[in-house]
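Chains as they are written, first to last, in this note's numbering: chain A, 1 to 239; chain B, 1001 to 1239.
We put the CB at the ideal spot given by N, CA and C, even for glycine.
Shown next, in structure tokens, is the structure this report addresses.
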């Protein structure tokens, strides 16, 4: 009935979509749980940390510095300010390593970008810490494929609306690719855009959502980014 | 000889140009010096902190979280990891207050923006922490005067070149207003743009530069932002 939609811009989430991220955060959490082990079992420490993180989100936002500060706050609270300074120093040092963790591209990412770049304007759409994300993009050596990088403080529908205005496009001209249903998929589909979900092997609790039903005309879930090239009917690689 | 330049976009630095910032950072530094006072005299503590800050800049960037982490690192180092956890907790809490410090506009800022907005596209050009700057802009209630906010990880000439490309203008169509010669004035004038310096009563050491001579055709120093309206020959308030 309606003409096939024409996608003009493809947005890629960065962390755990283009490169590994979550495992580095989990390593820092392990250091924290290890430091706390005489006070609380690891799963309890993790639970308390999660509470602190979520309550600090409006103030600190996302990223390695925010995460390190939330861990320190939780460690001091749980130890009733009795933690040895050496343990604090250990957390601080591991947090610094997180900020500068190595970058490992996920499989097939570069191939896919190479194939899409001639036909679409590609952008990175990420939330988090400005300097973290700029450093990772630089390390990734993927800058040349992207028109630019959009770093947002959050990925709520309102943030995507602002993005569409800024890009001067309609939602139906935009396709978002990412690993988080909550941040990359739901808000975009809700606004009338297209979205492709690529689950990552582990997901941060805060990004999890319950069972949802999304319209097949505007949503796909694929197992590997490589499938973007042949399992998404809206992506066309011929002029 | 040449036609009068026509400025299309005016960029405003934010911290200590539109609103107070440095005093809140100095308050946190006072807490740090107070905590360290049995180990080092305040001026020595400040010197050590500055060293840590500058060495962490490439990793942490600017902003309240970066500053808090650098203070904690310095405090642990200077105390040889002997600082009581209660002192760490005190720094962490004061750092959190810094992230959420009240916002006080500088005198005449709103009047000036009101007068300029009908004739120029106004933008905020700030370096620092994404969530810090978005929160401050929201608290300032100045959003309506600005086309958008550009948050950069640094303000080197290369960062301004990227800005000009992104805004699709030539340097001579851009005027920058700010309190930092190093970040707001020198790189813009160097690239061929216009710049107006409004000194703030206190300047962070890192932003200080030696004696410099700037061309009067493209540079002014004014004592108050109000003078933008009548002491800058390139700004014209009639159509």
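Query	Result
So for residue 203 of chain A, helix, strand or coil by DSSP?	coil
What do you get for residue 223 of chain A, buried or exposed, if any count of 16 or more other CB atoms within 10 angstroms of its CB means buried?	exposed
Should residue 190 of chain A be flagged as near chain B, meaning a C-beta pair shorter than 8 Å?	no
Does any C-beta atom of chain B lie closer than 8 Å to the C-beta of residue 61 of chain A?	yes
Taking C-beta pairs closer than 9 Å, name the residues in chain B that residue 73 of chain A reaches, listed in chain order.	1089, 1092, 1093, 1096
Counting Cβ pairs closer than 8 Å, one from the region 62 to 69 of chain A and one from the region 110 to 129 of chain A, do we hit at least three?	yes
In its own chain, which residues sit with a C-beta less than 8 Å from the C-beta of residue 1008 of chain B, not counting the 5 before and 5 after it?	1120, 1121, 1169, 1173, 1174
Please check if any C-beta of chain A sits within less than 8 Å of the C-beta of residue 1013 of chain B.	no
Report the start-end ranges of each beta strand (DSSP E) in the region 90 to 177 of chain A that is 3 residues or longer and not cut off at the edges.	121 to 127, 148 to 152
Given that residue 991 of chain B touches chain A, what residues does it touch there, using C-beta distances under 7 Å?	This structure gives no information on residue 991 of chain B, because the portion of chain B shown stretches from 1001 to 1239.
Which chain B residues are close to residue 38 of chain A, counting only those with a beta carbon under 7 Å from its beta carbon?	None at all; the shortest Cβ gap to chain B is about 14 Å.
Taking the alpha-carbon positions, what's the residue 1237 of chain B to residue 1114 of chain B distance?	11 Å
Among B:1225, B:1138, B:1191, B:1196, which residue has its Cα nearest to the Cα of residue 1159 of chain B?	B:1191
Distance cutoff 8 Å, beta carbons only. Does residue 83 of chain A sit that close to anything in chain B?	yes
Tell me which residue opens and which closes the beta strand (DSSP E) that residue 1195 of chain B is part of.	1194 to 1197
Rounded to the nearest angstrom, what separates residue 143 of chain A and residue 135 of chain A at their Cα positions?	11 Å
Any Cβ of chain A within less than 8 Å of the Cβ of residue 1151 of chain B?	yes
Could you check whether the Cβ of residue 168 of chain A sits closer than 8 Å to any Cβ belonging to chain B?	no
How would you call residue 132 of chain A, buried or exposed, if buried means at least 16 neighbouring beta carbons within 10 angstroms?	buried
Please name the residues in the region 21 to 32 of chain A whose beta-carbon is closer than 7 Å to at least one beta-carbon of chain B, in chain order.	none
By the criterion of Cβ-Cβ separation under 9 Å, what are the contact partners of residue 1045 of chain B in chain A?	Those do not exist, as residue 1045 of chain B stays about 16 Å from chain A at its closest Cβ, beyond 9 Å.
For the pair the region 1020 to 1040 of chain B and the region 1140 to 1157 of chain B, tell me if three or more CB-CB distances fall below 8 Å.	no
Can you name the residues of chain A whose CB is closer than 9 Å to the CB of residue 1101 of chain B?	Near residue 1101 of chain B there are no residues of chain A at all, since even the closest Cβ is about 11 Å away, more than 9 Å.
Here's the rule I'm using: 16 or more other beta-carbon atoms within 10 Å means buried, otherwise exposed. How should residue 1076 of chain B be labelled?	buried
Against residue 134 of chain A, what residues of chain B qualify as contacts under a CB-to-CB distance less than 9 Å, listed in chain order?	1061, 1153
If you draw a straight line from the alpha carbon of residue 187 of chain A to that of residue 205 of chain A, how long is it in whole angstroms?	18 Å
Per DSSP, which one or two residues make a beta bridge with residue 32 of chain A?	DSSP output for residue 32 of chain A lists no bridge partner at all.
Among A:196, A:180, A:226, which one has its Cα closest to the Cα of residue 210 of chain A?	A:180
When you compare the CB of residue 1079 of chain B with every CB in chain A, is at least one pair closer than 8 Å?	yes
Taking 8 Å as the CB-CB limit, is residue 1076 of chain B close to chain A?	yes
Who does residue 9 of chain A pair with in a DSSP beta bridge?	A:121, A:174
Once DSSP output is grouped into helix, strand and coil, what is the label at residue 1080 of chain B?	coil
Count the other CB atoms within 10 Å of the CB of residue 1150 of chain B; is the residue buried (16 or more) or exposed (fewer)?	buried
Under 8 Å between C-beta atoms, does residue 137 of chain A make it to chain B?	no
Do the CB positions of residue 1314 of chain B and residue 1189 of chain B come within less than 8 Å of each other?	As displayed, chain B neither begins before 1001 nor continues past 1239, which places residue 1314 of chain B out of reach and without an answer.
Under 8 Å between C-beta atoms, does residue 159 of chain A make it to chain B?	no
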